[in-house]
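Q: Questions regarding the structure given below will be posed in turn.
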Amino acid sequence: MAKDKKQKNGAEKPAEEEKLKIEALEADLDKAKEDLEKEKNDYLKLLAEFNTFRQRTADERKDIISSASADTIKGLLPVLDDCERAMELLKTSKDEAAKEGTSLIYNKLFAYLKTRGLERIEALGQKFDTDFHEAEAMIPVADEDKKGLVYDVIQTGYLLDGKVLRFAKVVVGQ
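If you count by my numbering, then the sequence shown holds residues 1 to 174, one letter each, in order.
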């Protein structure tokens, strides 16, 4: 009987050791799974942050380029104004070459700027709109229908890609 107890105790001991080893391995596996899940989440967060950074950088680059082109186009607006004034003065002139040359220069320059997103703000006869017009003066008008309308354009206004680059300076009927 003593021999049977020794065999039973001896057989139970290795089974118990194996059970402890299995529990330890399962605990290690659970810890490894938790670590893997944490690393996966950290990776996904980092990837999302990188995509946000990349998009923000692209937007900033686009804004810088847009701002630079807006400044360049804004610097060319006085040239357009001079061409318009010259064409007005040349309407009464008999010099056809001057008329044609000035018109050609103006049309080429405006066509190029139009391809870059420049649009003229049509103001004459339109309802005064503070989003597009800047009132330089107000004149009394007898006709009630003409009150609040743009009576004259002092300086042409322009939009660049749908945003006001320069407000139209206008005279408004009152």
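Here a beta-carbon is modelled for each residue, glycine too, at the ideal position from N, C-alpha and C. Owing to the predicted nature of the structure, the values given are computational and were not obtained by experimental measurement.
Helix or strand or just coil, what does DSSP make of Asp152?
A: On the sequence shown, position 152 is the one that residue 152 refers to. Three-state DSSP puts Asp152 in a strand.
Q: Is there a C-beta anywhere in chain D that falls below 8 Å from the one on Leu47?
A: No chain D appears in this structure, which consists of one protein chain only.
Q: Looking at Ala137: is its Cβ nearer than 8 Å to the Cβ of Val164?
A: Stepping through the sequence shown from its first residue, residue 137 is reached at position 137. Stepping through the sequence shown from its first residue, residue 164 is reached at position 164. No, they are not a contact pair.
Q: Suppose you measure from the CA of Ala111 to the CA of Arg120; what does that come to, to the nearest Å?
A: Your numbering for residue 111 matches position 111 in the sequence shown. Your numbering for residue 120 matches position 120 in the sequence shown. Taking the straight line from one Cα to the other gives about 12 Å.
Q: What does the alpha-carbon distance come out to for the pair Thr115 and Leu76?
A: As a first step, residue 115 must be located in the sequence shown, where it is residue number 115. As a first step, residue 76 must be located in the sequence shown, where it is residue number 76. When rounded, the distance between both Cα atoms is 14 Å.
Q: Tell me the residue span of the alpha helix (DSSP H) that contains Glu144.
A: On the sequence shown, residue 144 is found 144 positions in, with the first residue counted as 1. No alpha helix (DSSP H) contains Glu144, which DSSP labels as neither H nor E.
Q: What three-state label does DSSP hand Glu122 in the structure shown?
A: Within the sequence shown, residue 122 is the residue found at index 122, counting from 1. Looking at Glu122 - three-state DSSP - the assignment turns out to be coil, as it is neither helix nor strand.
Q: Sort out for me which residues DSSP pairs Ile139 with in a bridge.
A: Residue numbering aside, residue 139 sits at position 139 when the sequence shown is read from its first letter. According to DSSP, Ile139 bridges with Gly173.
Q: Specify, as a first and last residue, the run of the alpha helix (DSSP H) that Gly157 falls within.
A: The count along the sequence shown starts at 1 and reaches residue 157 at position 157. Element bounds for Gly157: not the alpha helix (DSSP H) but the beta strand (DSSP E), Gly157 to Leu160.
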